[in-house]
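Taking the working numbering, I'd label the letters of the sequence shown as residues 783 to 1297.
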Amino acid sequence: MKLLRFAPLLILLVAGCTQETASPDEAATPNIVFIFTDDHTARALSAYGSVVNETPHLDRIANEGMRFNNCLVTNSICAPSRAVILTGKHSHINGQLTNGNRFDGAQQTFPKLLQAAGYETSIIGKWHLQSEPTGFDHWQVLIGQGPYYNPRFLVPGDTVQIEGYTTNIITDLALDWLGTQRDVSKPFMLMYQHKAPHREWHPGPDHFELYADEDIPEPANLFDDYSNRASPAAEQGMTIARHMNAENDLKMSAPRSMNEEQAAAWEEVYGPRNEEFRAANLEGDDLTRWKYQRYAKEYLRTVAGVDDNVGRLLDFLEENNLAENTVVIYSSDQGWYLGEHGWYDKRWMYEESLVAPLLVRWPGKIQPGSVNNAMVSNLDFAATFLDLAGVAVPDDIQGRSLKPLFLGETPEDWRTSHYYQYYEYPGYHCVERHYGVRTERYKLIHFYTRDEWELFDLETDPMEMNSVYDDDAYAETVAELKMELTRLREHYAVPEDERPTGPCIPNERGAPIRQ
Ligand code: CA
783 MKLLRFAPLL ILLVAGCTQE TASPDEAATP NIVFIFTDDH TARALSAYGS VVNETPHLDR
843 IANEGMRFNN CLVTNSICAP SRAVILTGKH SHINGQLTNG NRFDGAQQTF PKLLQAAGYE
903 TSIIGKWHLQ SEPTGFDHWQ VLIGQGPYYN PRFLVPGDTV QIEGYTTNII TDLALDWLGT
963 QRDVSKPFML MYQHKAPHRE WHPGPDHFEL YADEDIPEPA NLFDDYSNRA SPAAEQGMTI
1023 ARHMNAENDL KMSAPRSMNE EQAAAWEEVY GPRNEEFRAA NLEGDDLTRW KYQRYAKEYL
1083 RTVAGVDDNV GRLLDFLEEN NLAENTVVIY SSDQGWYLGE HGWYDKRWMY EESLVAPLLV
1143 RWPGKIQPGS VNNAMVSNLD FAATFLDLAG VAVPDDIQGR SLKPLFLGET PEDWRTSHYY
1203 QYYEYPGYHC VERHYGVRTE RYKLIHFYTR DEWELFDLET DPMEMNSVYD DDAYAETVAE
1263 LKMELTRLRE HYAVPEDERP TGPCIPNERG APIRQ
């Protein structure tokens, strides 16, 4: 037993000194498949205990690998998250502060470093960074957000339109590249990236009727009134009640058979509005509940499309003898609100949008069915991919490799606090700029252009309904967290955000009305 216990250490020492003498197993460079979605909350993944849906294929990755419960993004919005993943650097370093920026593809990225180390690199699906992909041997990407049907792809020097459902097509293209196009003499890195389940949630033909005869459970805080928090929470434009449109989000108008004049006449004859009347003339909370069902079902149907296609990919790896030596990683660009706080969308440092799903399967290395609670981040992905490939992680990368965590060894000096900053204001949904620090128990948020603060005690208030920033009992905690925030801002070299801000008023779709 003692010999066995020390065997991994011995192998590490040998591998560290002379690569040639490493065992064949240690020397093998794994392939990497990075499965990525857009806006998929962990709360809509049964591996995380979802109460609203089942994701049997994504769950396979967790069952055969490791589930991370604490994967926190640095800036909860689409393009910035992608830039963080490519560079391993915070938004203020990689330049992608908001969706409005154009990614600087001339800078160092992990695909370039993998390519230089002999990996075949490929990205298929959603890119969303405006500039053309760099560092990839093969790329076929959606133009901008891309549609759910009949997508047009950007390829080097051309565009190609393919008929069908985008989630299925991205998988077809990925399997075709894996099966017939790649250089089989090299290890590969495939970024297989879906548009789904991004707004405006058009399901595929296989899932039109899914959930047709059932109600999706509502979150407990669907009717949040945003009291007991700083002013920005109430001023956003991302509510299910007021900022969804009938045409694209809900895809039909709410039942409303009478106008107000007719309703008044009805009341004169029949008395107060009864259950039958309310069912035919939705308003108030009833209308919000109806919108939530419409929205949640469409969202979850697009998730089901992703899940089925992930199953196709996992099956393909097994059938082609690729499963054993391929690390499969599943994540999404941020979390998402599936009705929590009455919202859809993301952006906030609150838990639902701060936490991204992260599932990793690595046969023979990661213990099947394992769970990891360490505070990890999309900032760590680039360093992880490089480390898996045996490539030295450059000093300027700000994240840390998760490889030791995969192997069951969380380093003693692993982070215990996480830095977050969101910049896109004025902008879509009018979520105020903020930065903050999250520790295991607390979260301190600074809405810095207004100099307003929030503190949440996640142990007593996991839904973040009551800021205790002004509570004297937490004065010491506030002081400690402010010091930690200052330390993190210095550590990551965060400059003051001096871009002009301005008023932001959302219209009925959540888009800002410029003034
Ligand atoms: Ca996104």
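Positions of the beta carbon are idealized from the N, C-alpha and C atoms, including for glycine.
Worksheet item: Should residue 1182 and residue 1283 be called a contact, given that it needs their Cβ atoms to be closer than 8 Å?
Response: Locating residue 1182 in the sequence shown gives position 400, where the first residue counts as 1. Locating residue 1283 in the sequence shown gives position 501, where the first residue counts as 1. No, these two residues do not count as a Cβ contact at 8 Å.
Discussion item. What does the alpha-carbon distance come out to for the pair residue 1279 and residue 1286?
Written reply: Residue numbering aside, residue 1279 sits at position 497 when the sequence shown is read from its first letter. Residue numbering aside, residue 1286 sits at position 504 when the sequence shown is read from its first letter. Computed Cα separation, rounded: 18 Å.
Worksheet entry | residue 932 vs residue 1091 beta-carbon contact at 8 Å | What you label residue 932 is simply residue 150 of the sequence shown in a count that begins at 1. What you label residue 1091 is simply residue 309 of the sequence shown in a count that begins at 1. No.
Practice prompt. Please name the residue or residues paired with residue 848 in a DSSP beta bridge.
Written response: Residue 848 sits at position 66 when you count from the first residue of the sequence shown. Bridge partners of residue 848: 1142, 1152.
Discussion item. Following a CB-centred definition, is residue 980 positioned closer than 7 Å to any heavy atom of ligand 1?
Written reply: Start at 1 with the first residue of the sequence shown, and residue 980 comes out as number 198. Yes; taking the cut-off as 7 Å, the Cβ of residue 980 has a heavy atom of ligand 1 nearer than that.
Practice prompt. Please name the residue in 1113, 1069, 1106 whose C-alpha comes closest to that of residue 774.
Written response: As shown, the chain starts at 783 and ends at 1297. That puts residue 774 outside it, with no answer to give.
Practice prompt. Please confirm whether residue 868 and residue 893 have their CB atoms less than 8 Å apart.
Written response: The count along the sequence shown starts at 1 and reaches residue 868 at position 86. The count along the sequence shown starts at 1 and reaches residue 893 at position 111. Yes, the Cβ-Cβ distance between residue 868 and residue 893 is below 8 Å.
Discussion item. What does the alpha-carbon distance come out to for the pair residue 1005 and residue 964?
Written reply: As a position in the sequence shown, residue 1005 is number 223, starting the count at 1. As a position in the sequence shown, residue 964 is number 182, starting the count at 1. Roughly 51 Å between the two C-alpha positions.
Discussion item. Could you check whether residue 1222 and residue 1012 sit closer than 8 Å to each other, using their CB atoms as the reference points?
Written reply: Residue numbering aside, residue 1012 sits at position 230 when the sequence shown is read from its first letter. Residue numbering aside, residue 1222 sits at position 440 when the sequence shown is read from its first letter. Going by C-beta atoms, residue 1012 is not nearer than 8 Å to residue 1222.
Practice prompt. Considering only heavy atoms of ligand 1, list every residue whose Cβ is less than 5 Å from one of them, following chain order.
Written response: 820, 821, 860, 1115
Worksheet item: Do you know how far the Cα of residue 1149 is from the Cα of residue 1207?
Response: Walking along the sequence shown from the start, residue 1207 turns up at place 425. Walking along the sequence shown from the start, residue 1149 turns up at place 367. About 43 Å.
Item to complete: Express the C-alpha separation of residue 1173 and residue 898 in angstroms, rounding to a whole number.
Response: Position 116 of the sequence shown holds residue 898. Position 391 of the sequence shown holds residue 1173. Whole-angstrom Cα-Cα distance: 10 Å.
Fill in: Reduced DSSP category for residue 1289 - H, G, I as helix; E, B as strand; rest coil
Against the sequence shown, residue 1289 aligns to sequence position 507. Three-state DSSP puts residue 1289 in coil, outside helix and strand.
Worksheet item: Rounded to a whole number of angstroms, what is the C-alpha to C-alpha distance between residue 1002 and residue 1132?
Response: Taking the first residue of the sequence shown as position 1, residue 1002 is located at position 220. Taking the first residue of the sequence shown as position 1, residue 1132 is located at position 350. Computed Cα separation, rounded: 16 Å.
Worksheet item: Under a three-way DSSP split, which group does residue 834 fall into?
Response: Locating residue 834 in the sequence shown gives position 52, where the first residue counts as 1. Three-state DSSP puts residue 834 in coil, outside helix and strand.
Practice prompt. Measure the Cβ-Cβ separation of residue 1030 and residue 982 and say whether it is below 8 Å.
Written response: As a working note, residue 1030 is residue 248 in the sequence shown. As a working note, residue 982 is residue 200 in the sequence shown. Taking 8 Å as the Cβ cut-off, residue 1030 and residue 982 qualify as a contacting pair.
Discussion item. Does residue 1223 come out as helix, strand or coil in the three-state DSSP assignment?
Written reply: In the sequence shown, residue 1223 corresponds to position 441, counting from 1. Reduced to three states, the DSSP call for residue 1223 is coil.
Worksheet entry | C-alpha distance - residue 1204 paired with residue 1130, whole-angstrom precision | Taking the sequence shown and counting its residues from 1, the one referred to as residue 1204 is at position 422. Taking the sequence shown and counting its residues from 1, the one referred to as residue 1130 is at position 348. So the alpha carbons of these two residues sit roughly 7 Å apart.
Discussion item. If you measure between the beta carbons of residue 1267 and residue 1219, is that distance less than 8 Å?
Written reply: To locate residue 1267, count along the sequence shown from 1; it is residue 485. To locate residue 1219, count along the sequence shown from 1; it is residue 437. In this structure, residue 1219 lies closer than 8 Å to residue 1267 by Cβ.
Worksheet item: Leaving out five residues before and five after residue 884 in sequence, what residues of the same chain have Cβ atoms less than 8 Å from its Cβ?
Response: The residue given as residue 884 occupies position 102 in the sequence shown. The answer, listed in chain order, is 911, 912, 913.
Worksheet entry | Segment contact, 8 Å Cβ cut-off, at least three pairs: the region 1132–1141 with the region 1239–1252 | yes
Worksheet item: Taking just the CA atoms, how far does residue 1019 sit from residue 1292?
Response: Taking the sequence shown and counting its residues from 1, the one referred to as residue 1292 is at position 510. Taking the sequence shown and counting its residues from 1, the one referred to as residue 1019 is at position 237. Those two C-alpha atoms are separated by around 5 Å.
Item to complete: Leaving aside the five residues before and after residue 1281 along the sequence, list all residues of the same chain whose C-beta is less than 6 Å from its C-beta, in chain order.
Response: Here residue 1281 corresponds to residue number 499 of the sequence shown, with the count starting at 1. Excluding sequence neighbours, residue 1281 sits near nothing in its chain.
Fill in: Nearest residue (CA-CA) to residue 1155, options 839, 1199, 1099
Residue mapping note: residue 1155 aligns to position 373 of the sequence shown, counting from 1. If we check each option's Cα against that of residue 1155, 1199 comes out closest.
Worksheet item: Whose C-alpha, out of 992, 1120, 890, is nearest the C-alpha of residue 1000?
Response: Residue mapping note: residue 1000 aligns to position 218 of the sequence shown, counting from 1. Out of 992, 1120, 890, 1120 has the C-alpha closest to the C-alpha of residue 1000.
Fill in: Three-pair Cβ contact test at 8 Å for the region 922–930 versus the region 968–977
yes
Item to complete: From the DSSP output, in three-state form, read off residue 1048 for me.
Response: The residue you call residue 1048 lines up with position 266 of the sequence shown. Looking at residue 1048 - three-state DSSP - the assignment turns out to be helix.
Worksheet entry | Coil, strand or helix - residue 1038 by DSSP | On the sequence shown, residue 1038 is found 256 positions in, with the first residue counted as 1. Residue 1038 falls in the strand class under three-state DSSP.
Worksheet item: What does a CB cutoff of less than 6 Å around residue 1084 pick up in its chain, not counting 5 residues either side in sequence?
Response: Within the sequence shown, residue 1084 is the residue found at index 302, counting from 1. Counting only Cβ-Cβ distances below 6 Å, and skipping sequence neighbours, we find 978, 979, 983, 985.
Worksheet item: Straight-line CA distance for residue 1128 to residue 1009?
Response: Translated into the one-based positions of the sequence shown, residue 1128 becomes position 346. Translated into the one-based positions of the sequence shown, residue 1009 becomes position 227. If I take the Cα positions, the gap works out to 20 Å.
Worksheet item: Hey, out of 970, 1061, 872, 826, whose CA is closest to residue 920's CA?
Response: In the sequence shown, the residue the question calls residue 920 occupies position 138. When each option's Cα is compared against that of residue 920, the closest is 970.
Worksheet item: How do the region 1094–1109 and the region 812–829 stand: do at least 3 beta-carbon pairs fall below 8 Å, yes or no?
Response: yes
Fill in: Beta-carbon spacing of residue 1082, residue 1202 below 8 Å
Locating residue 1082 in the sequence shown gives position 300, where the first residue counts as 1. Locating residue 1202 in the sequence shown gives position 420, where the first residue counts as 1. Taking 8 Å as the Cβ cut-off, residue 1082 and residue 1202 do not qualify as a contacting pair.
Discussion item. Once the 5 residues before and after residue 929 are set aside, which same chain residues still bring their CB inside 7 Å of it?
Written reply: Stepping through the sequence shown from its first residue, residue 929 is reached at position 147. Around residue 929: 948.
Fill in: DSSP three-state assignment for residue 909, whether helix, strand or coil
If you number the sequence shown from 1, residue 909 lands on position 127. Reduced to three states, the DSSP call for residue 909 is coil.
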